[in-house]
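So the sequences go chain by chain: D and L.
First residue of the first sequence? That's 1 in full-length UniProt numbering, and the numbers climb one at a time after it.
First residue of the second sequence? That's 1 in full-length UniProt numbering, and the numbers climb one at a time after it.
Only one structure is covered here, and it is reproduced in the block below.
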Amino acid sequence: MKVAIIGAGVMGLSTAYYLSKLGAEVTVFEQKYLLYGASGRNSGGITPMIDKKELIPFALKSLELYDKLPAEVDFNFLFRKDGYVKVAASDADAEKLKKDVRIQNELGVKSKIVEPSEVKELVPDFNPDSIVLASYCSESGVIFPWPVIWGLARGCRENGVEIKDQTAVDEIVIEGGVRGVRAGGEFHKADVVVNAAGAWSNKVSEKAGVKLENKILKEEICVTESIKPYLDPYIYDITYGVYLSQSARGEIVGGITGREVQEISTDSTLEFAARYAKRATQLIPMLKGLAMLRQWAGVYDEGKDGLPVVGFTEVDGFVQANGLGKHTGMIVAPALGRELARLIVKGDNPNLKEFSPRRF
Amino acid sequence: MVKERKIVCRCEDLTEEEIIHAIEEGYDNLESLKRYTGATTGACQGKGCLMHIIRILSQKTGKSPEEIGVTTQRPPVNPVPLYVLSEGGESE
Ligand SMILES: Cc1cc2nc3c(=O)[nH]c(=O)nc-3n(C[C@H](O)[C@H](O)[C@H](O)COP(=O)(O)OP(=O)(O)OC[C@H]3O[C@@H](n4cnc5c(N)ncnc54)[C@H](O)[C@@H]3O)c2cc1C
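Right, here's the structure in full:
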């Protein structure tokens, strides 16, 4: 079976990797370079503390895969499991955290509610007055997204996958069903075409004549200068959308969760820098003197009902693998890609029912 | 044991040898090379090393500096402490 995958982000590459293990002949097309999409611009927060119950089993599975994959592909993902804290700054959000933790626990996630004073035990210099309540999960942490992508790419190549960067797919050739793609001026035959184009997925889907109405979100993020290991868990303030963690290089990496946009743009704004700095230093006042070195932005997509869109479409051989969503794409992609590979090779996979494009 | 070390990026303590090694590993365009080695992402944000990186890349790949281009320059131009930035806006 010949499969063409559009997009070399975490979703495209994990799908390619698991497809190659099942014996498919895979080519991945990337319009720019490997870290160009959201997978090369995100904050690497990995936790099963998700507020969408459909995604939790995939997060738990991905945690296992993130443990196994580095050895499999011979590349260190620099995954540091020092925990993940979600904080709420309003009573309504505190209630939401409690409800989310109940559901998570039912599904086997070892998350728990913690008081502001307990957050201070997890994070030195945390200001407990800046929040109302928090939740915590120790089996979570921060991964470095770049080695995830380089490592998956390496594993793919070892298994014979061809990765064509700087090669945009311009056309999806359909005659009855999928026949192949046209990219970089050449025709490439394929039995199956996978749309793993992230924020560009609506546009790519159009090329197959299939309507996809994913939301596009833009998210800004920044890093400070490096300091010694200081901040263990990933912190995410669900009220302000502000999050921060320390990278493997010692930088404090932080941002504000994405907002829906009409057009894809990766401009940086001063407004973001100011809003972020204000809330980050309320949470951890000691960060005040730390200098911001660099800010950037990324774009990702989300299914219009908030869930990923993964599976066969009405066009024979055309598959969606997008809409991975806010703060969840890196978390669910390995397991989602693995299940999708099974779906493509076997023609059916009940584990992906909830994400089928046919649900709309 | 001190070999001749040509430091290219002072912030990240990268030698010319390391940059060449990365190019040979396949990180042979500026954006990939920058991310793989960390060159231009340190405290000086490339002010000290970007031109050296482009020179080495040009020598190794045979591409002209124009073809290689430059990396996206990110704000702020110079490091700014968070307390200064936090005075610039309201958190809603
Ligand atoms: C600032 C930020 C912070 C985030 N933080 C987190 C976090 O902490 N945890 C988490 O789990 N998630 C986080 N996310 C979300 C996560 O990064 C995304 O959900 C995930 O990376 C999406 O992966 P993807 O493979 O679907 O898309 P992408 O990584 O965007 O990959 C799609 C690729 O398709 C390519 N492409 C598009 N059109 C074409 C074409 N026609 N031909 C060829 N190639 C094409 C693009 O160039 C792109 O490289 C964050 C995102 C951002 C932006």
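All C-beta atoms, glycine included, are put in the ideal place defined by N, C-alpha and C.
- Of the candidates D/357, D/248, D/177 and D/281, D/281 places its Cα closest to the Cα of residue 81 of chain L.
- If you look at residue 10 of chain D, you'll find it isn't in any beta strand (DSSP E); it sits in the alpha helix (DSSP H) that goes 10-21.
- For residue 81 of chain L, DSSP records a beta bridge to D/291.
- With respect to chain L, the C-beta atom of residue 31 of chain D has no partner C-beta closer than 8 angstroms.
- Taking the beta carbon of residue 295 of chain D as reference, the chain L residues within 8 angstroms of it are 74, 75 and 76, listed in sequence order.
- Here the alpha carbon of residue 65 of chain L sits roughly 25 angstroms from the alpha carbon of residue 150 of chain D.
- When secondary structure is reduced to three states using DSSP, residue 167 of chain D falls in the coil class, being assigned neither helix nor strand.
- The shortest CA-to-CA distance from residue 81 of chain D to any of D/215, D/318 and D/46 is the one to D/46.
- The DSSP assignment places complete beta strand (DSSP E) segments of no fewer than 3 residues inside the segment 212-246 of chain D at 215-226, 234-237 and 242-246, in order along the chain.
- Boundaries of the beta strand (DSSP E) harbouring residue 188 of chain D: 186-189, taken from the DSSP string.
- Closest in alpha carbon position to residue 8 of chain L, among L/83, L/26, L/54 and L/49, is L/49.
- In terms of side-chain proximity, the C-beta atom of residue 30 of chain D is found nearer than 7 angstroms to a non-hydrogen atom of ligand 1.
- A straight line joining the alpha-carbon of residue 222 of chain D with that of residue 208 of chain D spans about 36 angstroms.
- In the pairwise beta carbon analysis, the segment 146-165 of chain D is classified as touching the segment 10-22 of chain D: at least three pairs are separated by under 8 angstroms.
- Proximity of chain L to residue 265 of chain D at the Cβ level (cut-off 9 angstroms) is not reached, the minimal Cβ distance being about 13 angstroms.
- Chain D places no beta carbon closer than 8 angstroms to that of residue 10 of chain L, leaving this residue out of the contacts.
- A direct Cα-Cα distance of roughly 23 angstroms separates residue 359 of chain D from residue 262 of chain D.
- In the three-state DSSP reduction, residue 33 of chain L falls in the helix class (H, G or I).
- Going by C-alpha positions, residue 44 of chain D is about 25 angstroms away from residue 13 of chain L.
- A Cβ-Cβ separation of about 5 angstroms places residue 242 of chain D in contact with residue 256 of chain D under the 8 angstroms criterion.
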